[in-house]
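Under this note's numbering, the residues of the sequence shown are numbered 55 to 106, in order. The beta-carbon is built from N, C-alpha and C at its ideal position, and this holds for glycine as well.
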Amino acid sequence: MLTSLRPFAVHKGKTVFCAHCGHVATQEALFTVDEDINLIERYDDICERKVD
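Written as structure tokens, this is what we have:
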């Protein structure tokens, strides 16, 4: 389940790419998978609109 979306910037000088299309990531999506498990995926602005 999607918990939140937040802006994402380059981390430690490394470029991170969108999990869906491969463009440079600008948004970070946090998902709750289980009670103690969270998943973070990064998306560009277009793909983050499609995240459920």
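In chain order, which beta strand (DSSP E) runs of at least 3 residues are fully inside the region 72-103? 81-88 and 91-97
Compare the C-alpha of V105 against each of A63, H77, H65 and Q81 and name the closest. Q81
Over what stretch of residues does the beta strand (DSSP E) that includes T57 continue unbroken? The continuous beta strand (DSSP E) containing T57 extends over residues L56 to P61.
Could you tell me the alpha carbon to alpha carbon distance between E89 and A63, rounded to whole angstroms? 27 Å
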